[in-house]
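Asker: Mind having a look at this structure? Questions to follow.
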């Protein structure tokens, strides 16, 4: 509406012959007046930044998967957006090596030179923390970040353009707390956590969830990502008289803690954060025997799980990944990339106008299925709900696999507990 | 009491790891006069070679021996290709070349084998002995035995063989060594080769406990240099004792000194080192350099 009025007044001005040069010049490049950068009648431009090199480059598979997924979308004709126009997706990806400074540099380049419509799936908590103020100042949509920090969803006032995707770490902690309240109401918990935003988000979410219950934390130990080992911490925790071990660690340290706990014969219930549940790079290295009975929570289907091989969504994913991608299709980061891409496509389909404002409206009111998520989990946001995925299922490691043992826990839908990132 | 013993055992286990890499650093320093910053990454790379061989179905000890042998050759090759051109330049130049090597090995390993965590089979039996509440694993003892054996061999090499004597001569004074007929180039190559082989041995001992990633040795290297500095950069025995002191002291401080905890434990060995070096600048067992006027 506003667009039309502007055009009309512009025409009046031209007719009056007052601003001839302005009529000739228009508003820069191919953008029609009033339209945001990065979107034309045939294309929508998205930008991403990932650790394609360096210590965190295992995540590069996510970048490969999202790119393969968009390639498939384009090969099948593009996305029919809410304004009735079908557009191809042009996804530009840069390497940040998991360094916040490079992430910021990449983001500036994406926003100011490539002039992308939106940022999508930028990866990592410290890296996204480095750009969140900048993108909100520039009013660039900053969508479906690949990090589980709760602050992306709880600060919608301060960061209206930013939103995460996966369940928040604090939500996962609350799910474990609920489980303990039911199964071990008097649990004494020993916690090992990484001493940064990631670890504290889990820990604070857990502390809030157990408030007022009979559960107490009897010991806490931390480690730094630069430490060679967590052996000494696990030994100290084992002497704390705790009967539950909450393991908040990244994969290498998770494997060490699992192996060490078994070696010293510490017989406590073991809760392991979903960040480190990869069978291939945590459970198997730590040893199948040491891993038996570990409990964790999950929201997404595991492509290496033989029980989902007949699942149509999984078969579709594997066929597409095989055709358009160049990565191991059994890698769980592959399904992650395709699943988050699916949500992005659904969001564009619901974007009523080719503007960033309309895109954000679609983001803030999405309610969509996602076939790669565990059946029964939806992607849903709304007024006061900045968390797209808020349900998980509990699972236990048995034999060589994760086996679900609870229903999908959806009591936190629209209600993710606050965490503790700063 | 059992916690104390368990933490001391844990400290010895991790300390042996620091010490084994420190030995390789001492070896290169003693035979060539430089501190090789890339020592850890070379060891990591050798470990990946051994891992690859086991993945191809080699028995673990066979894979380890082959990796140690290949590392010996590889180390000599590195000396010839990367270090020889800057031989005689200042130590700083050599140091910068070794930093370059560090980055090359780290990225190459990630590129070839990916950054995912890999499981390295332990060369020792998996037994764990329980004495009351204290657990002692066979691999802790195994690592310690291998460490002490390599320390002993190194000592014999330096003190009682002609090659060892030549190495010491080259490190102390390359000019004079050349004049008395020592083939300096070859000795330097051999020093690098032996250090790489020793590093490989360290890597395969470490990997089953820390799990294999391209960053396996990155943090270990800091502690290993600390251990070597503490024990004296030219003393194999000092490196071993230094490593054990660092490992045990950080565990005990983290456990028993409340305000240190696990957050600050990394500082403990460095505080000890500064204290020791203030009193004895050559380290606990280092020899004073005596310069001829």
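Residue numbers (this note's numbering), protein chains in the order written: chain A, 1 to 422; chain B, 1001 to 1293. Where a beta carbon is used, it is the ideal one built from N, C-alpha and C, also for glycine.
Residues in the same chain with beta-carbon distance under 6 Å from residue 371(A), minus the five sequence neighbours each way, listed in chain order, please.
Answerer: These residues qualify, in order along the chain: 313.
Asker: Does the separation of the CB atoms of residue 49(A) and residue 122(A) fall below 7 Å?
Answerer: Going by C-beta atoms, residue 49(A) is nearer than 7 Å to residue 122(A).
Asker: Helix, strand or coil: how does DSSP classify residue 85(A) here?
Answerer: In the structure shown, residue 85(A) sits in coil (DSSP, three-state: anything other than H, G, I, E or B).
Asker: When we look at the beta-carbon of residue 1217(B) and count the other beta-carbons within 10 Å, is it buried (16 or more) or exposed?
Answerer: So residue 1217(B) ends up on the buried side.
Asker: Give the straight-line distance between the Cα atoms of residue 1200(B) and residue 210(A), rounded to the nearest whole angstrom.
Answerer: Roughly 48 Å separates the two Cα atoms.
Asker: Pick out whichever of 237(A), 129(A), 118(A) and 171(A) has its Cα sitting closest to the Cα of residue 1003(B).
Answerer: For the residues 237(A), 129(A), 118(A) and 171(A), the minimum Cα distance to residue 1003(B) belongs to 237(A).
Asker: Does any residue of chain B bring its CB to less than 7 Å from the CB of residue 63(A)?
Answerer: No, residue 63(A) does not count as interfacial toward chain B.
Asker: Based on the DSSP secondary-structure assignment, which residues constitute the bridge partners of residue 380(A)?
Answerer: Answer is 367(A), bridged to residue 380(A).
Asker: For residue 1054(B), I'd like the list of residues in its chain whose CB is within less than 7 Å of its CB, leaving aside the five on either flank, ordered along the chain.
Answerer: So the qualifying residues of the chain are 1060, 1063 and 1121.
Asker: Quick one, which of 113(A), 334(A), 61(A) and 257(A) has its alpha-carbon nearest residue 37(A)'s?
Answerer: The option with the nearest alpha carbon to residue 37(A) is 113(A).
Asker: Determine the DSSP secondary structure at residue 253(A), reduced to helix, strand or coil.
Answerer: Residue 253(A) falls in the helix class under three-state DSSP.
Asker: At a CB-CB cut-off below 7 Å, which residues of chain B make contact with residue 265(A)?
Answerer: Within 7 Å Cβ-Cβ: 1130 and 1135.
Asker: Whole angstroms are fine: how far does the CA of residue 206(A) sit from the CA of residue 196(A)?
Answerer: The straight-line gap from Cα to Cα measures roughly 15 Å.
Asker: For residue 362(A) and residue 337(A), I'd like the C-alpha separation in whole angstroms.
Answerer: Rounded to the nearest angstrom, the two C-alpha atoms are 20 Å apart.
Asker: Have a look at residue 297(A) and residue 1068(B) and give me their C-alpha separation to the nearest angstrom.
Answerer: Taking the straight line from one Cα to the other gives about 42 Å.
Asker: Where does residue 1234(B) land, buried or exposed, given buried means 16+ other C-beta within 10 angstroms?
Answerer: Buried, because 16 or more other Cβ atoms sit within 10 Å of the Cβ of residue 1234(B).
Asker: Can you find the residues in the same chain that come closer than 6 Å, C-beta to C-beta, to residue 1250(B), ignoring five residues on each side of it along the sequence?
Answerer: Within the same chain, residue 1250(B) has close Cβ partners 1265, 1268 and 1269.
Asker: On the three-pair Cβ rule with 8 Å, is the region 1011-1026 of chain B touching the region 1034-1049 of chain B?
Answerer: Judged by Cβ distances under 8 Å, the region 1011-1026 of chain B makes contact with the region 1034-1049 of chain B, as three or more pairs qualify.
Asker: Where DSSP assigns a beta bridge to residue 269(A), which residues make up the other side?
Answerer: Its beta-bridge partners are 244(A).
Asker: Apart from the five residues just before and just after residue 1106(B), which ones in its own chain have a Cβ nearer than 6 Å to its Cβ?
Answerer: Closer than 6 Å at the Cβ level, and outside the excluded window around residue 1106(B), lie 1041 and 1214.
Asker: Short of 8 Å in beta carbon distance, which residues of its chain neighbour residue 302(A), apart from the five on each side in sequence? Order them along the chain.
Answerer: Same-chain partners within the cutoff: 279, 308, 332, 335 and 402.
Asker: Using the three-state DSSP reduction, which class does residue 415(A) fall into: helix, strand or coil?
Answerer: Reduced to three states, the DSSP call for residue 415(A) is coil.
Asker: Under a Cβ-count criterion, where at least 16 other Cβ atoms within 10 Å of its own Cβ denotes burial, should residue 1183(B) be classed as buried or exposed?
Answerer: So residue 1183(B) ends up on the exposed side.
Asker: If we require 3 or more residues per run, which beta strand (DSSP E) segments fall completely within the region 54-103 of chain A?
Answerer: If we require 3 residues or more, the beta strand (DSSP E) runs fully inside the region 54-103 of chain A come out as 86-95.
Asker: Against residue 1014(B), what residues of chain A qualify as contacts under a CB-to-CB distance less than 8 Å, listed in chain order?
Answerer: Correct list: 228, 229, 231 and 232.
Asker: Once DSSP output is grouped into helix, strand and coil, what is the label at residue 283(A)?
Answerer: Correct three-state label for residue 283(A): helix.
Asker: Quick check: what's the CA-CA separation for residue 283(A) versus residue 330(A)?
Answerer: The alpha-carbon atoms of residue 283(A) and residue 330(A) are separated by roughly 16 Å.
Asker: Decide yes or no for the touch test of the region 55-68 of chain A against the region 86-99 of chain A: beta carbon pairs closer than 8 Å, at least 3 of them.
Answerer: In short, these stretches touch, since the Cβ pair count reaches three.
Asker: Ignore the nearest five residues each way along the sequence and tell me which others in residue 1113(B)'s own chain have a CB closer than 7 Å to its CB.
Answerer: Contacts found: 1048.
Asker: Could you check which residue in 277(A), 413(A) and 233(A) has the C-alpha nearest to that of residue 1260(B)?
Answerer: The candidate whose alpha carbon is nearest that of residue 1260(B) is 233(A).
Asker: Taking C-beta pairs closer than 7 Å, name the residues in chain A that residue 1119(B) reaches, listed in chain order.
Answerer: Those are 284 and 285, listed as they occur along chain A.
Asker: Please confirm if the region 129-143 of chain A is in contact with the region 372-392 of chain A, defined as three or more CB-CB distances below 8 Å between the two stretches.
Answerer: Short answer: they don't touch.
Asker: Of the residues that make up the region 199-225 of chain A, which ones have a beta carbon closer than 8 Å to any beta carbon in chain B?
Answerer: For the region 199-225 of chain A, which is checked against every Cβ of chain B, the residues closer than 8 Å are 221, 222, 223 and 224.
Asker: DSSP state of residue 1008(B), grouped into three classes?
Answerer: The answer is helix: DSSP assigns residue 1008(B) an H, G or I state.
Asker: Determine, using beta carbons only, whether residue 150(A) comes closer than 7 Å to chain B.
Answerer: With 7 Å as the cut-off, residue 150(A) does not count as an interface residue toward chain B.
Asker: With distance defined between alpha-carbon atoms, name the residue in 1126(B), 1135(B), 1035(B) and 1130(B) nearest to residue 1093(B).
Answerer: Nearest of 1126(B), 1135(B), 1035(B) and 1130(B) to residue 1093(B), Cα basis: 1035(B).
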